[in-house]
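S.K.: Residue numbers (the working numbering), protein chains in the order written: chain A, 4 to 117; chain B, 15 to 126. The beta-carbon is built from N, C-alpha and C at its ideal position, and this holds for glycine as well. Quick caveat: nothing in here was measured; it's all calculated off a predicted structure. Okay, here's the structure, questions in a sec.
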């Protein structure tokens with residue numbers, strides 16, 4: 004069975020540019036969450052989506068946005084990139100939202116901002 | 015503000031040893047406490063998780079001990095192996111918010 008997939012694997016951008024990261028959840032999972040992991044730190048929650056609606060948002064600026072599609076895949080968008088946005092961006096999928104539901108992580112997208 | 019505090023930052027043990035990683039939290043609404051293992055270049059993988067209605071849970075060589083009154087929980091790895099060398103993260107969440115709050119991670123090295 005395929006796990007959570009993310010694309011691209013690596014990405015290099017320059018300051019001020021825009022980036023779109025993509026995530027496909029495990030088949031049957033309807034909730035997708037995004038996390039940012041800066042080198043040497045634990046993942047920080049950015050967004051959670053369930054049934055195409057935003058269900059939670061972490062302490063990130065409005066430059067960060069996301070959406071979930073009818074097939075439950077998701078995109079994370081970051082505008083006006085800053086050097087500090089360099090990180091591993093992780094997508095996690097879970098079966099449901101609103102109950103304790105195990106989250107399965109993808110391999111992440113490594114974003115480098117120059 | 016770090017919602018989940020984790021220690022130590024790094025740990026080195028001999029093969030067969032029992033590394034112990036500790037975490038503490040403040041938010042009493044947390045009711046789910048998972049541990050994740052992460053290898054370089056990979057996403058975190060769930061190892062074991064506990065709910066606050068039990069004080070201990072074992073799965074294979076991994077054991078979580080949970081102290082609700084102290085708001086602390088810990089991971090013990092029995093008979094540690096070199097293949098266990100990885101970064102371990104504790105986390106916490108509640109059914110209300112559903113998102114995971116992670117600790118800062120413990121880099122474990124098991125020496126053959």
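If you draw a straight line from the alpha carbon of residue 99/B to that of residue 121/B, how long is it in whole angstroms?
M.R.: Here residue 99/B refers to the residue found at position 85 when the second chain is read from its first residue. Here residue 121/B refers to the residue found at position 107 when the second chain is read from its first residue. Those two C-alpha atoms are separated by around 8 Å.
S.K.: Let me make sure I understand the geometry here. Which of 50/B, 111/B and 29/B has the alpha-carbon closest to that of residue 37/B?
M.R.: For the purposes of this step, residue 37/B is identified with residue 23 of the second chain, where counting begins at 1. Nearest of 50/B, 111/B and 29/B to residue 37/B, Cα basis: 50/B.
S.K.: Measure the Cβ-Cβ separation of residue 40/B and residue 17/B and say whether it is below 8 Å.
M.R.: On the second chain, residue 40/B is found 26 positions in, with the first residue counted as 1. On the second chain, residue 17/B is found 3 positions in, with the first residue counted as 1. Yes. Within cutoff.
S.K.: Since residue 103/A meets chain B, which of its residues come closer than 9 Å, beta carbon to beta carbon?
M.R.: Taking the first residue of the first chain as position 1, residue 103/A is located at position 100. Here the neighbours are 45, 46, 63, 65, 107, 108, 109 and 112.
S.K.: Hey, residue 13/A and residue 81/A are a contact pair by Cβ (cut 8 Å); roughly how many whole angstroms apart?
M.R.: Against the first chain, residue 13/A aligns to sequence position 10. Against the first chain, residue 81/A aligns to sequence position 78. About 15 Å separates the two Cβ atoms, so there is no contact after all.
S.K.: Given that a residue counts as buried once 16 or more other Cβ atoms are within 10 Å of its Cβ, and exposed if not, what is residue 74/A?
M.R.: Here residue 74/A is taken as the residue at index 71 of the first chain, counted from 1. Classification for residue 74/A: exposed.
S.K.: What residues in the segment 26-53 of chain A bring their beta carbon closer than 7 Å to a beta carbon of chain B?
M.R.: Per Cβ criterion, the list reads 36, 44, 45, 46, 48 and 51.
S.K.: Leaving aside the five residues before and after residue 31/A along the sequence, list all residues of the same chain whose C-beta is less than 6 Å from its C-beta, in chain order.
M.R.: As a position in the first chain, residue 31/A is number 28, starting the count at 1. Around residue 31/A: no qualifying Cβ.
S.K.: Closer than 8 Å is the cut-off here; do at least three beta carbon pairs connect the segment 55-64 of chain A with the segment 98-117 of chain B?
M.R.: Short answer: they touch.
S.K.: According to DSSP, is residue 98/A part of a helix, a strand, or is it coil?
M.R.: Along the first chain, one-based indexing puts residue 98/A at 95. Coil at residue 98/A, not helix or strand.
S.K.: Give the residues from the segment 50-74 of chain A that approach chain B closer than 8 Å (Cβ to any Cβ), ordered along the chain.
M.R.: Taking 8 Å as the Cβ-Cβ cut-off against chain B, the residues of the segment 50-74 of chain A that qualify are 51, 58, 59 and 61.
S.K.: At 8 Å on the CB atoms, spell out the chain A contacts of residue 80/B, in chain order.
M.R.: As a working note, residue 80/B is residue 66 in the second chain. Within 8 Å Cβ-Cβ: nothing; residue 80/B doesn't reach chain A, min ~15 Å.
S.K.: In terms of residue numbering, what span does the beta strand (DSSP E) encompassing residue 112/A cover?
M.R.: Taking the first chain and counting its residues from 1, the one referred to as residue 112/A is at position 109. Looking at the DSSP string, the run of the beta strand (DSSP E) that includes residue 112/A is 112-116.
S.K.: Which two residues bound the contiguous beta strand (DSSP E) that contains residue 77/A?
M.R.: Against the first chain, residue 77/A aligns to sequence position 74. Start and end: 77-81.
S.K.: Express the C-alpha separation of residue 27/B and residue 68/A in angstroms, rounding to a whole number.
M.R.: Translated into positions along the first chain, residue 68/A becomes position 65. Translated into positions along the second chain, residue 27/B becomes position 13. Rounded to the nearest angstrom, the two C-alpha atoms are 42 Å apart.
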